[in-house]
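One structure below.
Written as structure tokens, this is what we have:
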């Protein structure tokens, strides 16, 4: 069986990267998996263990880091966030299409572990639209929105480090773009060698 | 404007490569072009000048070869066949998606001129199906079919030299596979750099 493929997906807050990946996974069904992060913070609102995050104690988190179980991790404020290595390795071994939605900085470290991973950057159609989307959430005040916009500008400058860039203007188009990348990747000769032998050996 | 992209499409006789590319071009519309070969043989049946081939005299053909106007050429039996360079260069300059349906051998030379070209191999689902298709044409006797099958086996072995392999089992799937490759290619960061500046510069 062919090994699976890892897609690292990043984009500024408000780019819609989680929504895009969620819909792509619905289309791909059982052939796809998404990496769930580990965190030391408490669940908020509707969040669910194993869906939004794996919630662990700081001791357990740092233990995992020490034992080399994390692909990457970072501390934001008082809390740790990181990506467990084992599930991603298992899914790739099983031939799955694996998505990892992650901060721009986190992606670099992961590419070191998985050099074959493809990096996709989700770009908003414009900074104006991005700002509207952030305000539309209604969860953040003006200061928070303008801080996010500053970060967004810095992140967008780093889009050139990615393999693919998708503009999330119309959601359906963005979803289809990811699907095209996944489908094209499967047709790469390295993934189709078995098929050549199959055709030659079976009359 | 971004430069266009050249796709070299090969596959054994009976793989359906011409049909697949024809339908892909219908879907892509005006953004796509197909390279038309030049030949010294006479038009047959319904064939049309500039659609099936450019029909020229041997003198004119060899003149073009001498002047370096051909991407590749070969002699089959008494006739010359070749690929004119100028239209492909012009279309790429215009940003078009350009298809070149060509023998396995011809593809190599063209990749030397256009190293960015992507090579797609169209594979039949099995040798049995390929043989049925060739017989189904009703235009060739047993000897001709078995000669074509021998050539097909040799050509299929060289599919590993291609960038992408598409199995033409269900025609619609094969067409969509080519479309995925074309769409994914457009999303490559090298083709999207303008978009990054656009987003950063327009608030």
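Chains as they are written, first to last, in my numbering: chain A, 3 to 205; chain B, 3 to 205.
Beta carbons are placed, not taken as given, at the ideal position from N, Cα and C, and that holds for glycine.
It should be emphasised that the depicted structure is a prediction, and the values quoted were computed from it without experimental measurement.
Closest by C-alpha distance to residue i, when choosing among the options
i, options, result
"residue 77 (chain A)", "A:131, A:41, A:190 and A:177", "A:41"
"residue 16 (chain A)", "A:38, A:150, A:178 and A:196", "A:150"
"residue 37 (chain A)", "A:185, A:184, A:137 and A:72", "A:72"
"residue 155 (chain B)", "B:132, B:143 and B:145", "B:132"
"residue 33 (chain B)", "B:23, B:97 and B:145", "B:97"
"residue 20 (chain B)", "B:164, B:180 and B:196", "B:180"
"residue 106 (chain B)", "B:199, B:204, B:200 and B:14", "B:14"
"residue 90 (chain A)", "A:35, A:69 and A:178", "A:35"
"residue 252 (chain B)", "A:163, A:140 and A:196", "This structure cannot settle anything about residue 252 (chain B), because the visible part of chain B is limited to 3 through 205."
"residue 24 (chain A)", "A:178, A:145 and A:199", "A:178"
Own chain partners of residue i with C-beta closer than 7 Å, once the 5 adjacent residues on each side are dropped
i, result
"residue 171 (chain A)", "127"
Residues near residue i by beta carbon distance below 8 Å, same chain, minus five either side
i, result
"residue 58 (chain B)", "40, 41, 42 and 66"
"residue 184 (chain A)", "7, 9, 26, 30 and 99"
"residue 113 (chain A)", "10, 119 and 121"
"residue 142 (chain B)", "136 and 150"
"residue 147 (chain A)", "133, 136 and 137"
"residue 70 (chain A)", "87"
"residue 85 (chain B)", "37, 39, 40, 72, 73, 74, 75, 102, 104, 108 and 112"
"residue 45 (chain B)", "51, 54, 55 and 57"
"residue 198 (chain B)", "none"
"residue 144 (chain A)", "none"
Cβ-Cβ distance between residue i and residue j below 9 Å
i, j, result
"residue 7 (chain A)", "residue 100 (chain A)", "yes"
"residue 116 (chain A)", "residue 161 (chain A)", "no"
"residue 108 (chain B)", "residue 74 (chain B)", "yes"
"residue 121 (chain B)", "residue 166 (chain B)", "yes"
"residue 202 (chain B)", "residue 153 (chain A)", "no"
"residue 55 (chain A)", "residue 49 (chain A)", "yes"
"residue 130 (chain A)", "residue 196 (chain B)", "no"
"residue 95 (chain A)", "residue 5 (chain A)", "yes"
Residue environment, residue i, which counts as buried when at least 16 other CB atoms sit within 10 Å
i, result
"residue 189 (chain A)", "buried"
"residue 186 (chain B)", "buried"
"residue 80 (chain B)", "exposed"
"residue 92 (chain A)", "exposed"
"residue 176 (chain B)", "buried"
"residue 87 (chain B)", "buried"
"residue 18 (chain A)", "buried"
"residue 182 (chain A)", "buried"
"residue 12 (chain B)", "buried"
Cβ-heavy atom distance, residue i to the ligand PLP, below 8 Å
i, result
"residue 109 (chain B)", "This structure lacks the ligand PLP, and indeed carries no ligand of any kind."
Beta-carbon proximity list for residue i, same chain, < 6 Å, skipping 5 on both sides
i, result
"residue 102 (chain B)", "10 and 37"
"residue 169 (chain A)", "125 and 127"
"residue 63 (chain A)", "42 and 82"
Contact belief for residue i with residue j at Cβ below 8 Å, rounded distance in angstroms
i, j, result
"residue 136 (chain A)", "residue 22 (chain A)", "So it is not a contact: roughly 17 Å between Cβ atoms."
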